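Visitor:
2 protein chains.
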Amino acid sequence: MESGLIDSALARFRAVLGDACVLTDAADTTPHFTDWRGRYSGEALCVVRPGTVDELVQVVHICNEARLPMVPQGGNTGLCGGATPHAGRREVLVSLSRLDRVRAIDPDNASITVEAGCTLAAVQQAARDAGLLFPLSLASEGSCQIGGNLSTNAGGVHVLRHGNARDQVLGLEVVLPDGRLWDGLRALRKDNTGYDLKHLFIGAEGTLGFITAAVLKLAPQPTDTALAWVALDGPQRAIDLLHRLQAGAGDALNAFEVVGRTALEMVLQHIPGARDPLSVPAPWYALVELAGSGDRISDRLEALLAACMASGTVRDAVIAQDGAQALALWSLRENISEAQRIEGFSVKHDISVPVGAIPQFLEVAGERLEAELPGVRIVAFGHAGDGNLHYNLSFSDASDNARLVADAQVANAVVYEAVRALNGSISAEHGIGQLKRALLGECKSVVEMDMMRAIKRAFDPHALMNPGKVLPEYGE
Amino acid sequence: MESGLIDSALARFRAVLGDACVLTDAADTTPHFTDWRGRYSGEALCVVRPGTVDELVQVVHICNEARLPMVPQGGNTGLCGGATPHAGRREVLVSLSRLDRVRAIDPDNASITVEAGCTLAAVQQAARDAGLLFPLSLASEGSCQIGGNLSTNAGGVHVLRHGNARDQVLGLEVVLPDGRLWDGLRALRKDNTGYDLKHLFIGAEGTLGFITAAVLKLAPQPTDTALAWVALDGPQRAIDLLHRLQAGAGDALNAFEVVGRTALEMVLQHIPGARDPLSVPAPWYALVELAGSGDRISDRLEALLAACMASGTVRDAVIAQDGAQALALWSLRENISEAQRIEGFSVKHDISVPVGAIPQFLEVAGERLEAELPGVRIVAFGHAGDGNLHYNLSFSDASDNARLVADAQVANAVVYEAVRALNGSISAEHGIGQLKRALLGECKSVVEMDMMRAIKRAFDPHALMNPGKVLPEYGE
């Protein structure tokens with residue numbers, strides 16, 4: 001690439017955005033060029049920070065004319081390297097953080113229109129201020145941005161009840177790879193006028209364009225919630241409990257997370273103040289939340305759990321008696337990742353299978369891993385109500401982990417084979433990014449890969465959007 | 001087109017399907033070439049009835065080689081002519097009716113795998129037999145087929161609670177326009193591995209390929225429902241009531257339909273056995289259904305309606321005391337279309353606006369129509385909880401309808417202008433088909449039309465799928 005072209009592009013960015021919003025000094029750009037876990041690092045020509053959609057449109061036009069690839073970035077909290085520059089090419093990192101307005105809220109339509117750079121927490125707060133609920137909820141909600149949540153089709157703890165990020169979207173505004181603006185900001189519950197375009201951009205991880213704003217659905221704010229920590233004999237009991245709760249509480253079932261004993265022990269060891277809610281250890285736990293309006297949710301949860309204890313589905317259970325206790329129970333679940341980070345290296349997986357197949361997955365994968373990597377420690381937890389487990393491997397003795405680093409391929413092969421045998425997914429909620437790009441072709445048919453490439457070519461013929469992410473062919 | 005090519009294609013169809021499944025006699029083909037209302041009629045070379053997906057694949061290959069356009073048809077119950085041949089070209093009508101197996105049901109995953117030709121009622125029944133609910137529900141459910149429901153992204157009376165047809169889909173199997181089979185039959189609640197392809201085919205009205213099978217989500221079967229017929233002073237009261245119920249009953253609110261007095265009177269006049277549930281007429285009514293599991297739904301509905309009567313939101317209400325009464329109330333709503341058919345000609349609209357904008361739409365459109373077509377009678381009813389109204393125009397004196405036929409353009413212009421001013425949709429749940437094809441470009445931006453065309457070209461470069469439907473450019 002000619003340096004003249006680059007200098008000219010930088011000068012044009014500065015003319016559009018002002019010097020302060022075109023970052024080239026390492027001190028300014030480094031936080032954008034590396035992901036928060038420090039696992040992905042790349043170089044880019046600069047970081048540009050458009051403050052309006054019109055400024056972004058101008059940036060994209062400049063990039064098109066100079067054929068400069070673009071990397072969209074929100075809160076940079078992704079887990080698969082989807083928002084950091086790709087090492088192989090010189091790119092323009094486009095931060096959406098300054099597009100952070102709540103454009104409108106319409107309580108009568110239970111909808112909100114927000115720009116991509118709003119943090120998830122800001123969207124939740126705006127909804128709450130209007131007496132409504134934006135149900136998407138995940139650990140990084142204070143810093144992740146809604147544009148990134150939509151681009152990765154984020155999951156979280158309320159998918160069971162409210163669906164994934166894509167299920168919250170009524171309309172989108174997108175700047176296409178050629179700089180044209182698509183105004184699809186409709187706030188309608190029903191609209192059957194042609195192809196559904198919004199779902200293409202949701203989950204495309206910025207490879208088809210920039211999501212700049214969205215109209216999101218809001219839900220009624222539940223007036224009453226109840227939370228229980230439930231001890232179980234094993235994963236099959238968790239699934240049995242899930243079905244009992246779904247039959248008995250219907251839509252009031254708001255979250256159903258499982259935690260393996262190993263995961264709990266790691267939290268108890270590393271997180272200050274964490275304590276085991278029950279006196280006798282159990283191999284598995286479920287964290288169960290009911291939420292509703294105008295009904296005695298706590299009584300219902302207590303009655304359902306009592307029936308499940310009587311029938312032997314549940315070993316023991318404790319129901320949070322106040323907000324502080326509820327927070328303590330949730331923090332056991334939410335601190336698992338942090339406890340693992342403190343503990344050290346682990347090989348992580350984010351898999352899904354049909355909900356009822358979770359026990360089979362755990363059995364098959366566990367047995368094979370023990371055969372291949374004797375003594376390996378499995379930290380399994382997550383969104384069992386959605387068939388989604390975080391399934392992480394390490395050795396209790398950190399000195400053994402060198403073996404795991406060397407044998408990561410073996411471990412991955414075992415996990416992915418177990419997933420494949422159950423028609424599952426190797427990335428349930430974290431996406432593909434750079435991390436799983438090479439794997440995509442292995443878990444998809446030739447036809448499906450062709451369909452994705454056809455869409456990529458149709459929307460981004462010059463392959464300028466987020467190279468090196470998702471599709472193996474785009475970005476060397 | 002050469003007759004030799006056609007004869008050869010017919011011979012090859014017969015070789016694949018057998019003579020009995022290649023229909024050319026008018027007596028056999030006529031029911032397929034005309035829609036059920038008799039509004040759309042076309043010619044096709046033949047009707048082919050593949051009995052397996054492999055047979056369909058072979059049919060599509062033959063059509064590709066001879067460049068014969070294909071028209072997918074399910075139950076032929078559509079309202080926009082999307083499933084009947086287009087007059088301008090000689091096409092092959094592909095009936096999916098024989099692909100009617102329930103392939104699998106997985107209660108542990110609350111999912112069912114069905115072929116395109118299953119009637120909606122058969123899918124509902126299979127779910128019920130497994131103790132679960134398939135919530136999609138519409139008037140034609142006994143004869144419409146699930147492939148058509150998905151291809152048109154059908155709506156119905158439970159969208160408020162469960163979403164549109166697309167929201168019920170976990171995975172799809174599709175035969176692409178070139179005859180390749182895409183096996184996207186995943187049964188996962190979460191899967192973030194690349195672009196979401198299923199949503200492209202859902203609602204594409206058969207212009208991008210043949211949906212041959214789907215994995216559908218099932219819901220818990222509610223154990224308790226309660227239904228009320230509610231008299232209201234006007235549309236704003238309906239929206240007020242909706243919000244009171246959403247705040248007070250949350251997800252238990254299962255249906256919220258509105259019926260204008262004119263619509264009710266037409267049912268009372270034409271449908272044998274129909275009677276007004278209340279002694280004093282009101283200008284508007286809402287039909288409200290609550291559903292849930294393990295909670296006293298009737299008591300909750302009664303308490304909520306009592307509070308709304310006390311505050312003046314509701315004028316009067318009657319709660320169904322048994323199944324027969326509930327059926328009678330539902331039939332008042334469900335017989336509106338039939339009563340209109342008996343009454344005679346009307347100009348029909350299927351519009352949506354943001355939910356809170358319904359009163360404004362009714363006021364603006366009503367005033368302008370009265371100015372343009374004095375004395376016009378407005379039959380308005382439908383899914384107010386989704387912002388979706390069926391809005392139909394006629395004159396009480398049938399002899400005046402000649403005026404309406406002549407002035408249909410004027411009437412349409414008024415309605416569409418009111419829709420546009422509120423950022424609404426000219427087709428909320430019925431789709432585009434042939435009926436609204438010419439209008440699509442008027443209600444979409446140039447960019448959005450370009451995006452749709454790019455997808456069409458990417459998937460169907462020879463423009464063989466369902467010409468004359470949805471996109472104005474495809475099919476003269």
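Residue numbers (UniProt numbering), protein chains in the order written: chain A, 1 to 476; chain B, 1 to 476.
Glycine included, each C-beta is placed from N, C-alpha and C at the ideal position.
None of these values were measured; they are calculated from a predicted model.
1) State yes or no: is the beta carbon of B/L188 nearer than 8 Å to at least one beta carbon in chain A?
2) Based on Cα-Cα distance, which residue from B/A418, B/G171 and B/L245 lies nearest to B/L287?
3) Output, in sequence order along the chain, the residues in the region 95-126 of chain A whose CB is closer than 9 Å to any CB in chain D.
4) Hey, how far is the Cα of B/V159 from the Cα of A/K190?
5) Determine, for B/V157, whether the minimum Cβ-Cβ distance to residues of chain A falls below 8 Å.
6) Below 8 Å on the Cβ atoms is my contact criterion, and I expect B/I6 with B/L45 to pass it. Report the Cβ-Cβ distance as a whole number of Å.
7) Going by Cα to Cα distance, which pick from B/H86, B/R12, B/R186 and B/W36 is closest to B/N466?
8) Nearest-angstrom Cα distance between A/L17 and B/I336?
9) By how many angstroms is the C-alpha of B/S399 removed from the C-alpha of B/F134?
10) Assign B/L327 to one of two classes, buried (16 or more other C-beta atoms within 10 Å of its C-beta) or exposed (fewer than that).
11) Would you give the residue range spanned by the beta strand (DSSP E) that B/H390 belongs to?
12) Which ranges does the beta strand (DSSP E) cover as unbroken runs of at least 3 residues, wholly within the region 241-311 of chain B, from first to last along the chain?
13) Name the chain B residues that come within less than 7 Å of residue 479 of chain A, Cβ to Cβ?
14) Output the residue ranges of the beta strand (DSSP E) runs that lie fully inside the region 82-163 of chain A and measure 3 residues or longer, sorted by chain position.
15) Could you tell me which residues DSSP pairs with A/G171 in its beta bridges?
16) Is B/A228 close to chain A? Criterion is C-beta to C-beta, closer than 8 Å.
17) Give the interface partners of A/A246 over in chain B, defined as CB-CB distance under 7 Å, in chain order.
18) For a contact meaning CB atoms closer than 7 Å, what does B/G204 contact in chain A?
19) Determine whether the Cβ of B/N153 lies closer than 8 Å to any Cβ atom of chain A.
20) Of the choices A/K198, A/E65 and A/G234, whose alpha-carbon is the least far from that of A/P359?
21) Would you call the region 365-379 of chain B and the region 402-413 of chain B touching, i.e. three or more CB-CB distances under 8 Å?
22) Is there a Cβ of chain B sitting closer than 8 Å to that of A/M452, yes or no?
23) Residues bridged to B/A317 by DSSP?
24) Near B/V355, what residues of its chain come up, given a Cβ to Cβ distance below 8 Å and the 5 sequence neighbours on each side ignored?
25) Which residue wins for smallest C-alpha separation from B/K198, given the options B/A231, B/N153, B/V230 and B/D224?
26) Going residue by residue through the region 352-415 of chain B, where are the continuous alpha helix (DSSP H) segments of at least 4 residues, counting only ones entirely within it?
27) Return helix, strand or coil for A/F201, following the three-state DSSP convention.
28) For B/K348 and chain A, any beta-carbon pair shorter than 8 Å?
29) Does DSSP put A/C63 in a helix, in a strand, or in coil?
30) Quick one: measure Cβ to Cβ for A/L132 and A/P107, integer angstroms, because I've assumed they're closer than 8 Å.
31) When we look at the beta-carbon of B/S3 and count the other beta-carbons within 10 Å, is it buried (16 or more) or exposed?
32) Which residues bound the beta strand (DSSP E) around B/Q73?
33) In this structure, how does DSSP classify B/V470 when only helix, strand and coil are distinguished?
34) Quick one: does B/G75 have its CB under 8 Å from some CB of chain A?
35) Which one of B/A282, B/N109, B/A306 and B/Q73 has the shortest CA to CA distance from B/I49?
36) Count the other CB atoms within 10 Å of the CB of A/Q269; is the residue buried (16 or more) or exposed (fewer)?
Guide: In short:
1) yes
2) B/L245
3) Of the protein chains in the structure, A and B, none is chain D.
4) 9 Å
5) no
6) 6 Å
7) B/H86
8) 58 Å
9) 44 Å
10) exposed
11) N388 to S394
12) 253-260 and 284-292
13) Chain A is shown from 1 up to 476; residue 479 of chain A falls before or after that span and cannot be answered.
14) 92-95, 102-106 and 111-115
15) A/V215
16) no
17) Contrary to the premise, residue 246 of chain A reads as Gln rather than Ala in this sequence. Those within 7 Å of A/Q246 in chain B are P220.
18) Looking at the sequence provided, one finds Ala at residue 204 of chain B rather than Gly. Under the 7 Å cutoff, chain A gives Y195.
19) yes
20) A/G234
21) yes
22) yes
23) B/V230
24) I239, L242, A384, G385, D386 and G387
25) B/N153
26) 358-372 and 401-406
27) helix
28) no
29) helix
30) 6 Å
31) exposed
32) M70 to Q73
33) coil
34) no
35) It should be noted that the sequence gives Arg, not Ile, for residue 49 of chain B. Of the candidates B/A282, B/N109, B/A306 and B/Q73, the one whose C-alpha sits nearest the C-alpha of B/R49 is B/Q73.
36) exposed
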